[in-house]
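In terms of this note's numbering, the sequence shown opens at residue 1481 and continues consecutively.
Ideal Cβ positions, reconstructed from N, Cα and C, are used throughout, including at glycine.
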Amino acid sequence: MKHSRLPLSASLLRRALLGGAATVLMLGASGLAQAQNTLLNVSYDVSREFYKDYNKAFAAHWKKTAGQDVTLNQSHGGSSKQARAVIEGLDADVITMNQALDIDVVADKGLLAADWAKRLPDNAAPTSSLTVFMVRKGNPKNVKDWADLARPGVAAVIPNPKVTGNGRYGYLAAWGSVIKAGGTPQQAREQTQKIFAQVPVFDGGGRAATTTFAQRNIGDVLVTFESEVQSIVEEFGQNFEIIYPKHTILAENPVAVVDKVVDKKGSRKLAEAYLKYLWSPEAQEIAAKHSLRPRDPKVLAKHAAQFPKVNAFTVDEVFGGWKKAQAEHFNDGGVYDQIVVRR
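Structure follows, in structure tokens:
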């Protein structure tokens, strides 16, 4: 199917810039596409390659099933920054994040239903990933587990947990690994504090942290999503190794329709179809291609060699859910701020 590129309107461009958009992908057949056939997906920083491929597949699916061309716009940035941009007026038809908290804060402002996670399977998370380590070839610092990141002289590159889901997952994984190993909250705090005391740069997104580690050659370990490893190797070469710690956190990637926007634009049918198709076998295969763990058991089994079984815990399991974790650890004056202040 042939697609033509369409120019962004001045208002959409302004809003995209407001949201810190890094990528805009447009697919369509006419510059006169109506709002009902135009969709803006506001997403987290390292999902751009996946949605670039997914958008092509969905556009073909929509053309075949609905007989319409569509315009699919993308905005990417630090997940929490993206959520704030939507709250401040970025007209997202859908939001596709790497943590439920960033959708909850949009729901709290009345832009979408509070029960958004019940509208789709798997708590509305079509894919997942894990927090893992990337080390330089040969693993010169012999890093194997979270405790190794707390050793003197080991610098871990972790995005800023105050503004990025990637960073929050890294922080919670470091903390939760101690709890899962039978340690106390105080021991978890001490280990996490040691790790973050040695972080050389707090970037505002996962992609920026990758650049810091892989291109600027800063740090000994990159704490990142399993799904990011492939793109690192493709862009920067076979100079790195992936390490799976003994215990790590499961990063679920939830999605939701922004009710107030789609009802205003008349794009609800398209937005709901766009998200529902994420569970299709085709989309799940695209997810696996981009190292995102599929939810479809058959697709996951097909790629079992790519996704080793690990001891993964969830935010709900160890921290009582995202809202509780946010209030205790990441709100102003919370545990994270206390740890950083002591640096």
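Run of the beta strand (DSSP E) containing residue i, from where it starts to where it stops
| i | result |
| --- | --- |
| valine 1703 | 1701–1705 |
| arginine 1616 | 1607–1616 |
| glutamate 1732 | 1727–1733 |
Between the CA atoms of residue j and residue i - distance to the nearest angstrom
| i | j | result |
| --- | --- | --- |
| valine 1522 | phenylalanine 1682 | 23 Å |
| alanine 1537 | leucine 1591 | 28 Å |
| asparagine 1603 | proline 1734 | 7 Å |
| alanine 1768 | histidine 1783 | 7 Å |
| glutamate 1529 | histidine 1770 | 8 Å |
Residues sharing a beta bridge with residue i, DSSP
| i | result |
| --- | --- |
| asparagine 1521 | Gln1554, Val1574 |
| phenylalanine 1720 | Arg1616 |
| proline 1639 | Answer by DSSP bridge pairing: none, since proline 1639 is not bridged. |
| asparagine 1791 | His1727 |
| arginine 1773 | Ser1608 |
Where residue i sits in the DSSP three-state scheme
| i | result |
| --- | --- |
| isoleucine 1698 | coil |
| phenylalanine 1676 | helix |
| alanine 1653 | helix |
| proline 1632 | coil |
| arginine 1687 | helix |
| alanine 1763 | helix |
| alanine 1736 | strand |
| alanine 1501 | At alanine 1501 the pLDDT is 42, less than 50, meaning the model places this residue with poor confidence; the figure from the coordinates comes in the next sentence. Coil at alanine 1501, not helix or strand. |
| arginine 1748 | helix |
| arginine 1825 | Limits of the chain in this structure are 1481 at one end and 1823 at the other, which puts residue 1825 out of reach. |
| lysine 1660 | helix |
| valine 1623 | coil |
| alanine 1668 | helix |
| glutamine 1806 | helix |
For residue i, the first and last residue of its enclosing alpha helix (DSSP H)
| i | result |
| --- | --- |
| phenylalanine 1799 | 1795–1799 |
| phenylalanine 1538 | 1528–1546 |
| threonine 1644 | Where threonine 1644 is concerned, there is no enclosing alpha helix (DSSP H), given that its DSSP letter is neither H nor E. |
| glutamate 1708 | Counting along the chain, glutamate 1708 falls outside any alpha helix (DSSP H), and DSSP gives it neither H nor E. |
| aspartate 1739 | 1739–1745 |
| lysine 1598 | No alpha helix (DSSP H) holds lysine 1598; DSSP gives it neither H nor E. |
Residue-level contact to chain B via CB, residue i, 8 Å cutoff
| i | result |
| --- | --- |
| arginine 1669 | Absence of chain B from the displayed structure is noted, only one protein chain being present. |
Residue i Cβ short of 7 Å to the ligand PLP heavy atom set
| i | result |
| --- | --- |
| glutamine 1579 | The ligand PLP is not part of this structure, which contains no ligands at all. |
Burial state of residue i, where buried means 16 or more other Cβ atoms lie within 10 Å
| i | result |
| --- | --- |
| arginine 1564 | buried |
| proline 1761 | exposed |
| isoleucine 1696 | In the sequence as displayed, the identity of residue 1696 is arginine instead of isoleucine. Counting Cβ neighbours within 10 Å, arginine 1696 comes out exposed, since fewer than 16 surround it. |
| leucine 1615 | With the sequence shown as reference, residue 1615 is identified as valine, and leucine is not the correct amino acid for it. Counting Cβ neighbours within 10 Å, valine 1615 comes out buried, since at least 16 surround it. |
| valine 1821 | exposed |
| glutamate 1732 | buried |
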